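Q: The letter at position 299 of the sequence shown is residue 551 when you use this note's numbering, and the numbering goes up by one with no holes.
Mind looking over this structure? Questions follow.
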Amino acid sequence: MLFLMIKGYGQNEDAKISPYTLPEVLKTLDGKTVNKISDWEKKRRPELLTLFENNIYGQMPKSYDHISYKVVNEAANAMDGKAHLKEVDIMVERADKSVTIHLILFTPNASKKSSPVFLLINNRGKENTDPTRKVKSEFWPAEMVIEGGYAIAAFHVSDAAPDNKETYQNGVLQLYPEQLTVDNGMKAIGAWAWAASRVMDYFKTDAAIDFGKVSIVGHSRGGKAALWAGAQDQRFAMVFSNCSGNTGAALARRQYKPAETIKAINTTFPHWFNNNYKQFNDNVNALPVDQHMLISLIAPRPVYTTSATEDLWADPVGSYLSISEAQKVYTLYGKKSGLSPDPPPANTPIIRSISGYHNREGIHNMTAYDWGNFIRFADFHYFHH
Ligand code: GCU
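What follows is the structure in structure tokens.
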């Protein structure tokens, strides 16, 4: 039992972590302390977005020639009449090239008005988001979410950028080939986040969606993309980043030994982040940002991150510390989180807070337990606040 506790969520190896100093989220590059919302929004926030673009995730191209939406499949009485299914092809064109993002969307029939929605960036198999519901998966528990009064949607990352170092260019990047020629160019994770924003463009046109209540959700590599999407596109009302680990919610400078490093991630997945990021493989302290700053870019909107006790590769403690460090920016907005300095015990979700978190007992995954807490957190912020 004691052994399990230490192994599970004690992370008592923390004693071995070398001291590190995080870059200050509320200090501008020219050394000025930010203590007003206007300075944050006009100066520091744009500065940080540019630092993340240039050093990690790459540019986020905004212009395109045309976008169109085509409903390619529809069932008004899906899920035994409980939901309305729409499959929509979102086609974006630029300079004679096009990319199509296939969206799967269920909206609850019980709701007379428009519904809040959870949008998943699906980085796993397409069977996880089966529109026929023959296959049901905890990774995208559509019935449970519909039952909770929410719409649920998903697109697959491969539509935006195949998750492969040889072929990631075959998607959004065909629209923006110039990105491939610059060291701060967009790569796969940027393309996934870009696609999430195009789904937002579609949601704006769908009367069944409550556009002010769109939550973006991602797991692991998808959770890294969800944070970047939420940081970039302030139309997302809430962000859920599940077990996102390195270059997601976890602090890079903590360098917790069993966890992934920048060098490891850049070596195995060179197609995720821009070329500049590779400069920090052996020099994390030279990075002008750390991941608490990414979370700060979501402020003042609610953000929820998770860990799993056996997922030490994603550094549970480091993932908690970044949301607690980001509180400085939430505090500027007068939003109190009440997060304690130390992470909560396993299976003890923090829900009634602007920043939510839980450390689920178990392995690297996204489960009904995780989603149950996402729904509770969204309920709290959208309906009980
Ligand atoms: C690998 C990778 C992680 C990533 C994970 C996943 O383990 O090293 O950074 O989060 O895959 O996407 O499941």
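Ideal Cβ placement from N, Cα and C applies to all residues, glycine included.
None of these values were measured; they are calculated from a predicted model.
Let's test the definition: count the other Cβ atoms within 10 Å of the Cβ of D462 and tell me whether it reaches 16, buried, or not, exposed.
A: The residue in question, D462, is buried, as its Cβ has 16 or more Cβ neighbours within 10 Å.
Q: Could you tell me whether any non-hydrogen atom of the ligand GCU is closer than 6 Å to the CB of E512?
A: Answer for E512: yes, Cβ within range of the ligand GCU.
Q: Any heavy atom of the ligand GCU inside 6 Å of the beta-carbon of R385?
A: No, the ligand GCU has no heavy atom inside 6 Å of this Cβ.
Q: Could you pull out every residue in the same chain whose Cβ sits closer than 7 Å to the Cβ of Y621, ignoring the five residues on either side in sequence?
A: Answer for Y621: R612, listed in chain order.
Q: Given the structure, does G614 come close to the ligand GCU, in the sense that its CB is under 6 Å from one of the ligand's heavy atoms?
A: Not under cutoff, so the answer is no.
Q: Is any heavy atom of the ligand GCU found at a distance shorter than 6 Å from the C-beta of G497?
A: Yes.
Q: Where do the ends of the beta strand (DSSP E) carrying E339 lie?
A: Note, E339: beta strand (DSSP E), 335-346.
Q: Say whether the segment 399-408 touches the segment 478-496, bearing in mind that this needs 3 or more beta-carbon pairs closer than 8 Å, one atom from each stretch.
A: Verdict: no, contact absent.
Q: Could you tell me which residues DSSP pairs with I461 in its beta bridges?
A: Answer by DSSP bridge pairing, in chain order: S367.
Q: Take G590 and list the residues in its own chain whose beta-carbon comes closer than 6 Å to its own, dropping the five residues that flank it on each side.
A: These residues qualify, in order along the chain: S605.
Q: In its own chain, which residues sit with a C-beta less than 8 Å from the C-beta of N287, not counting the 5 before and 5 after it?
A: The answer, listed in chain order, is L278, L584.
Q: Could you check if S472 belongs to the surroundings of the ligand GCU, using beta carbon to heavy atom distance under 6 Å?
A: Because some heavy atom of the ligand GCU lies under 6 Å away, the Cβ of S472 counts as near it: yes.
Q: Alpha carbon to alpha carbon, how far is Y261 from S576?
A: Summary for Y261: the model assigns pLDDT 42, below 50, so the residue's position carries little reliability; its value from the coordinates is reported in the next sentence. If you take the alpha carbons of Y261 and S576, they lie about 18 Å apart.
Q: Could you tell me the distance, in whole angstroms, from the CA atom of K268 to the CA atom of P510?
A: Distance between the alpha carbons of K268 and P510 is about 11 Å.
Q: Express the C-alpha separation of A560 and K259 in angstroms, rounding to a whole number.
A: Note that K259 scores 37 on pLDDT, short of 50, meaning its location in the model is unreliable; the coordinates nonetheless yield the value given after this. About 12 Å.
Q: CB-CB under 8 Å to L256, same chain, minus the five flanking residues each way: which ones, in chain order?
A: Summary for L256: the model assigns pLDDT 35, below 50, so the residue's position carries little reliability; its value from the coordinates is reported in the next sentence. Hits under 8 Å: none found.
Q: Start and end of the beta strand (DSSP E) containing Y621?
A: Here Y621 belongs to no beta strand (DSSP E); instead the alpha helix (DSSP H) covers 620-631.
Q: Using CA atoms only, rank isn't needed, just tell me which of H616, N617, M618, P601 is closest to H610.
A: The shortest C-alpha separation from H610 is found at P601.
Q: Which residue's Cα is closest to the Cα of I547: N537, V581, H523, P568?
A: If we check each option's Cα against that of I547, V581 comes out closest.
Q: If you drop the 5 nearest sequence neighbours on each side, which residues of the same chain put their C-beta closer than 6 Å to that of G608?
A: Once the five neighbours on either side are set aside, the close Cβ partners of G608 are Y556, I602, F629.
Q: At which residue ranges does the segment 536-613 contain complete alpha helix (DSSP H) runs of 4 or more residues, listed in the order of the chain?
A: Counting only runs of 4 or more, we get 543-548, 568-577, 579-584.
Q: Just checking, does the segment 417-435 make contact with the segment 387-395 on the three C-beta pairs under 8 Å criterion?
A: Short answer: they don't touch.
Q: Buried or exposed: where does K439 fall if 16 or more other Cβ atoms within 10 Å of its Cβ makes it buried?
A: It is buried - the Cβ of K439 has at least 16 other Cβ atoms within 10 Å.
Q: Just how far apart, CA to CA, sit L303 and L355?
A: Roughly 31 Å between the two C-alpha positions.
Q: Go ahead and label D317 buried or exposed: buried means 16 or more other beta carbons lie within 10 angstroms of its beta carbon, across all protein chains shown.
A: The residue in question, D317, is exposed, as its Cβ has fewer than 16 Cβ neighbours within 10 Å.
Q: So, at 7 Å on beta carbons, what are the nonlocal neighbours of L281 in its own chain, with the 5 sequence-adjacent residues on each side left out?
A: Excluding sequence neighbours, L281 sits near E299.
Q: Where K349 and K378 are concerned, what is the direct C-alpha to C-alpha distance, given to the nearest angstrom?
A: About 25 Å.
Q: Any chance the segment 489-501 sits against the segment 468-475, with 3 or more Cβ pairs inside 8 Å?
A: The segment 489-501 vs the segment 468-475: in contact.
Q: Can you give the Cα-Cα distance for Y634 and G624, rounded to whole angstroms?
A: Rounded to whole angstroms, Y634 to G624 spans 15 Å at the Cα level.
Q: With DSSP as the reference, identify every bridge partner of H408, one or two as the case may be.
A: DSSP, once it has assigned bridges, lists N374 as partnering H408.
Q: Tell me, please, whether the segment 512-527 touches the segment 432-446 by the rule of three or more beta-carbon pairs shorter than 8 Å.
A: With the cut-off at 8 Å, the segment 512-527 and the segment 432-446 touch.
Q: With DSSP as the reference, please indicate the residues paired to N494 in a beta bridge.
A: DSSP, once it has assigned bridges, lists H471, T558 as partnering N494.
Q: Would you be able to state if there are at least three C-beta pairs under 8 Å between the segment 331-350 and the segment 447-455?
A: Counting Cβ pairs under 8 Å, three or more are found: they touch.
Q: Is DSSP giving L254 helix, strand or coil here?
A: The predicted model places L254 with a pLDDT of 36, which falls under 50 and marks its position as unreliable, so this point remains unresolved.
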